[in-house]
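Visitor: Under UniProt numbering, the sequence shown has 328 at position 328, and the numbering climbs by one with no breaks.
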Amino acid sequence: MENINDEKLIVEFPLSWKFKKALLFIIVIVAMLMGCKQNKTGIHEEVRNIDLDISYKGKLSKFYDDIDYFLIKSSPNFPLINPYKTIVTDAHFLFLDIFQNFIFIYNKNGEISAIIKDLGEGPDQFRSIDDFQVKEESIWIKDAIGRKTLVYDFAGNLLDVKKNDLLLSDIFIGNGFELYYSHNDPEFDGRIIKNKNGKYEAYVSMETWMQKTLIKSLTGFISHPRTGTVSYLLPMSYQLVEFDPNGDLENMYRFDFGQYTFKPEQRELLTDFEERSRFLQSTSIVDNIFSIHPFGDGYMMYVMQQSGEKHFIWLDENKEPIAQYRELENDIDGLLLNIPPWTYSSTGTYFLFYPGKFLEAYNSSLIKGQIVQNSNLQNFVEKNMGELKDENFVLVRLSHGKN
Numbered sequence: 001m002e003n004i005n006d007e008k009l010i011v012e013f014p015l016s017w018k019f020k021k022a023l024l025f026i027i028v029i030v031a032m033l034m035g036c037k038q039n040k041t042g043i044h045e046e047v048r049n050i051d052l053d054i055s056y057k058g059k060l061s062k063f064y065d066d067i068d069y070f071l072i073k074s075s076p077n078f079p080l081i082n083p084y085k086t087i088v089t090d091a092h093f094l095f096l097d098i099f100q101n102f103i104f105i106y107n108k109n110g111e112i113s114a115i116i117k118d119l120g121e122g123p124d125q126f127r128s129i130d131d132f133q134v135k136e137e138s139i140w141i142k143d144a145i146g147r148k149t150l151v152y153d154f155a156g157n158l159l160d161v162k163k164n165d166l167l168l169s170d171i172f173i174g175n176g177f178e179l180y181y182s183h184n185d186p187e188f189d190g191r192i193i194k195n196k197n198g199k200y201e202a203y204v205s206m207e208t209w210m211q212k213t214l215i216k217s218l219t220g221f222i223s224h225p226r227t228g229t230v231s232y233l234l235p236m237s238y239q240l241v242e243f244d245p246n247g248d249l250e251n252m253y254r255f256d257f258g259q260y261t262f263k264p265e266q267r268e269l270l271t272d273f274e275e276r277s278r279f280l281q282s283t284s285i286v287d288n289i290f291s292i293h294p295f296g297d298g299y300m301m302y303v304m305q306q307s308g309e310k311h312f313i314w315l316d317e318n319k320e321p322i323a324q325y326r327e328l329e330n331d332i333d334g335l336l337l338n339i340p341p342w343t344y345s346s347t348g349t350y351f352l353f354y355p356g357k358f359l360e361a362y363n364s365s366l367i368k369g370q371i372v373q374n375s376n377l378q379n380f381v382e383k384n385m386g387e388l389k390d391e392n393f394v395l396v397r398l399s400h401g402k403n
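(1) I need the DSSP call for Leu280, collapsed to helix, strand or coil.
(2) Relative to the C-alpha of Ala114, which candidate in Phe93, Ile129, Asp131 and Ile98 has its C-alpha closest?
(3) According to DSSP, is Asn107 helix, strand or coil?
(4) With DSSP collapsed to three states, give me the class of Asn392.
(5) In this structure, how does DSSP classify Leu352 when only helix, strand and coil are distinguished?
(6) The ligand MG and Pro340: does the residue's C-beta get closer than 8 angstroms to at least one heavy atom of that ligand?
(7) Could you spell out where the alpha helix (DSSP H) holding Tyr362 opens and where it closes?
(8) Is Tyr238 near Gly220, with beta carbons less than 9 angstroms apart?
(9) To which residues does DSSP link Ser291 through a beta bridge?
(10) Could you pull out every residue in the same chain whose Cβ sits closer than 8 angstroms to the Cβ of Arg127, ignoring the five residues on either side in sequence?
(11) Less than 9 angstroms separating the beta-carbons of Ile116 and Phe102?
(12) Alpha carbon to alpha carbon, how far is Gly386 from Leu71?
(13) Where DSSP assigns a beta bridge to Pro341, which residues make up the other side?
(14) Which two residues bound the contiguous alpha helix (DSSP H) that contains Arg267?
(15) Below 8 angstroms, can you find three or more Cβ-Cβ pairs linking the stretch 329-336 to the stretch 362-376?
(16) From Asp68 to Glu382, what distance separates their C-alpha atoms?
(17) Just grab the DSSP bridge partners of Ile92 for me.
(18) For Lys383, does the three-state DSSP call read helix, strand or coil?
(19) Between the Cα of Asn288 and the Cα atoms of Lys310, Phe295 and Leu150, which residue gives the shortest distance?
(20) Using only alpha-carbon positions, find the residue among Lys319, Ser307 and Tyr302 that is nearest to Ile313.
(21) Apart from the five residues just before and just after Asp316, which ones in its own chain have a Cβ nearer than 6 angstroms to its Cβ?
(22) Relative to the C-alpha of Thr347, which residue among Lys85, Gly401 and Gly356 is closest?
(23) Beta carbon of Ser345, beta carbon of Arg397: below 9 angstroms?
(24) Leaving out five residues on either side along the sequence, give the residues of the same chain with a beta carbon under 7 angstroms from the beta carbon of Pro225.
(25) Checking the sheet assignment: what are the DSSP bridge partners for Glu327?
(26) How many Å lie between Lys216 and Asn384 at the Cα?
(27) Using 8 angstroms for Cβ pairs, my map puts Lys162 next to Lys148. What's the rounded Cβ distance?
(28) Which residues in the same chain as Thr261 place their Cβ atom closer than 8 angstroms to its Cβ, once the five residues preceding and following it in sequence are excluded?
(29) State buried or exposed for Ile50, treating a residue as buried only when at least 16 other CB atoms are found within 10 Å of its CB.
Pasting the structure below:
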């Protein structure tokens with residue numbers, strides 16, 4: 001990280017108390033940044049080649065056992081508007097609404113249990129929710145603007161407020177360590193920052209052209225339910241970094257899509273949005289990997305080409321591709337699932353339908369004669385038809401308990 005000349009902190013006039021506090025804060029931050037070094041682990045980045053042209057049609061039943069549907073009922077006073085990061089626990093669904101900066105906590109019946117909405121500038125409030133994590137029986141919220149981490153229970157009660165001076169985005173709080181995504185902040189010497197026992201280390205060098213380019217991750221840090229490893233899929237690079245359960249860097253991977261790879265020099269040059277979009281569509285290039293979720297001992301990755309092609313790619317524990325499909329026929333209940341995977345649990349992959357979109361998919365599948373009779377889908381629609389016409393979301397779980 002860049003050293004800051006101490007002479008810049010010298011002043012020659014009497015200081016007010018507020019100015020002294022601000023100066024002290026600057027000194028603390030500078031000390032943290034100067035103590036954060038680029039990690040030299042010697043871990044080699046492994047390349048995984050994926051040929052999207054060999055993807056073919058497949059069936060859901062090869063990977064999934066069953067499909068269940070959950071009506072996520074909206075509140076007239078505090079409606080769920082724009083859910084982004086979603087976490088599934090044994091008893092709850094948690095949605096970060098990035099439009100309102102609220103966290104909605106639902107039970108498995110699709111009813112609101114609590115809403116964390118302490119938005120404000122007070123000592124027990126947050127100014128923004130940059131990320132959140134479920135850790136044991138509590139919910140941890142990262143507020144970068146307020147420079148704090150807040151801890152809540154599942155009833156929405158505040159349990160603790162912890163100072164956090166790092167102006168960083170996504171966070172993972174482990175046992176004795178913390179991981180951060182730097183949000184391409186050039187003040188840091190890497191894209192992933194680790195704090196372990198007060199010692200800061202930076203991982204994965206940052207190209208100059210990507211500095212200050214803000215892209216938010218849908219899933220954030222990914223904790224594998226079986227292995228305990230913690231991974232992060234870095235935007236704009238197809239890179240996946242993997243840490244062991246103790247917070248030590250274990251593996252680094254980069255996915256290569258051959259002719260459909262968006263090369264760094266192309267990303268650097270194509271800064272105009274419209275020009276960039278035309279280029280990506282005409283070449284069918286993959287801009288970013290949409291998501292990667294744990295599946296069995298490995299992972300399931302979802303990739304979209306800008307030309308409209310979508311790919312489900314299964315990876316083994318070493319991130320080697322073992323199966324890939326351009327299209328997955330829903331031979332379990334017939335519903336058209338033409339949307340990307342949204343989140344995951346230890347035994348399921350979840351899809352999220354926005355209000356009105358579920359009925360569109362159902363009616364389209366019904367017209368085509370694809371709906372399987374006496375299925376969970378048919379029972380769900382008959383039971384909730386009235387509410388499906390309202391402003392309610394639908395969460396779909398594809399179970400893979402046998403894997």
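Here a beta-carbon is modelled for each residue, glycine too, at the ideal position from N, C-alpha and C.
Guide: So, from the listed chains and residues:
(1) For the purposes of this step, residue 280 is taken as the residue at position 280 of the sequence shown. In the three-state scheme derived from DSSP, where H, G and I count as helix and E and B as strand, Leu280 is classed as helix.
(2) The count along the sequence shown starts at 1 and reaches residue 114 at position 114. Closest option to Ala114, Cα to Cα, is Phe93.
(3) On the sequence shown, residue 107 is found 107 positions in, with the first residue counted as 1. DSSP places Asn107 in strand when its eight states are reduced to three.
(4) The sequence position of residue 392 within the sequence shown is 392, counting from 1. Coil.
(5) Residue mapping note: residue 352 aligns to position 352 of the sequence shown, counting from 1. DSSP, reduced to helix, strand and coil, places Leu352 within a strand of the structure shown.
(6) Absent from the structure shown: the ligand MG. Ligands present: none.
(7) To locate residue 362, count along the sequence shown from 1; it is residue 362. Under the DSSP assignment, Tyr362 falls in the alpha helix (DSSP H) whose first and last residues are Lys357 to Ile367.
(8) Translated into the one-based positions of the sequence shown, residue 238 becomes position 238. Translated into the one-based positions of the sequence shown, residue 220 becomes position 220. Taking the C-beta atoms as reference points, Gly220 is found no nearer than 9 angstroms to Tyr238.
(9) To locate residue 291, count along the sequence shown from 1; it is residue 291. Residue pairing by DSSP puts Ser291 in a beta bridge opposite Tyr302.
(10) The residue labelled residue 127 in the question sits at position 127 within the sequence shown. Closer than 8 angstroms at Cβ, skipping near neighbours: Leu119, Gly120, Glu121, Asp143, Ile145 and Gly146.
(11) Residue numbering aside, residue 116 sits at position 116 when the sequence shown is read from its first letter. Residue numbering aside, residue 102 sits at position 102 when the sequence shown is read from its first letter. Cβ atoms of Ile116 and Phe102: closer than 9 angstroms.
(12) Numbered from 1 along the sequence shown, position 386 holds the residue referred to as residue 386. Numbered from 1 along the sequence shown, position 71 holds the residue referred to as residue 71. Those two C-alpha atoms are separated by around 11 angstroms.
(13) What you label residue 341 is simply residue 341 of the sequence shown in a count that begins at 1. Note: Pro341 sits in a beta bridge opposite Phe351.
(14) For the purposes of this step, residue 267 is identified with residue 267 of the sequence shown, where counting begins at 1. Here the alpha helix (DSSP H) through Arg267 covers Pro264 to Leu269.
(15) Remark: three or more beta-carbon pairs, one from each stretch, lie closer than 8 angstroms, so the stretch 329-336 and the stretch 362-376 are flagged as touching.
(16) As a position in the sequence shown, residue 68 is number 68, starting the count at 1. As a position in the sequence shown, residue 382 is number 382, starting the count at 1. Answer to the nearest angstrom: the Cα atoms are 14 angstroms apart.
(17) In the sequence shown, residue 92 corresponds to position 92, counting from 1. Sequence inspection shows His at residue 92; the Ile mentioned does not correspond to that position. Residue pairing of His92 in beta bridges, as defined by DSSP: Asn107.
(18) The sequence position of residue 383 within the sequence shown is 383, counting from 1. Here Lys383 carries a helix assignment [DSSP, helix/strand/coil].
(19) Taking the first residue of the sequence shown as position 1, residue 288 is located at position 288. The alpha carbon of Asn288 has as its nearest neighbour, out of Lys310, Phe295 and Leu150, the alpha carbon of Lys310.
(20) Counting from 1 along the sequence shown, the entry for residue 313 is found at position 313. If you compare the alpha carbons of Lys319, Ser307 and Tyr302 with that of Ile313, the shortest gap goes to Tyr302.
(21) As a first step, residue 316 must be located in the sequence shown, where it is residue number 316. Counting only Cβ-Cβ distances below 6 angstroms, and skipping sequence neighbours, we find Gly298 and Ile322.
(22) Along the sequence shown, read from residue 1 onward, the residue named residue 347 stands at position 347. The residue with the shortest Cα to Cα distance from Thr347 is Gly401.
(23) The residue labelled residue 345 in the question sits at position 345 within the sequence shown. The residue labelled residue 397 in the question sits at position 397 within the sequence shown. Going by C-beta atoms, Ser345 is nearer than 9 angstroms to Arg397.
(24) Indexing the sequence shown from 1 puts residue 225 at position 225. Excluding residues within five positions, the ones whose Cβ falls inside 7 angstroms are Pro294 and Ser346.
(25) As a working note, residue 327 is residue 327 in the sequence shown. Paired residue(s): Lys57.
(26) On the sequence shown, position 216 is the one that residue 216 refers to. On the sequence shown, position 384 is the one that residue 384 refers to. Rounded to the nearest angstrom, the two C-alpha atoms are 34 angstroms apart.
(27) For this step, residue 162 is matched to residue 162 along the sequence shown. For this step, residue 148 is matched to residue 148 along the sequence shown. That pair is a contact at about 6 angstroms.
(28) Here the question's residue 261 lines up with position 261 in the sequence shown. Excluding the 5 residues flanking it on each side, Thr261 has same chain C-beta neighbours closer than 8 angstroms at Tyr238, Ile285 and Val286, in chain order.
(29) Here the question's residue 50 lines up with position 50 in the sequence shown. With at least 16 other beta carbons inside 10 angstroms of its own, Ile50 counts as buried.
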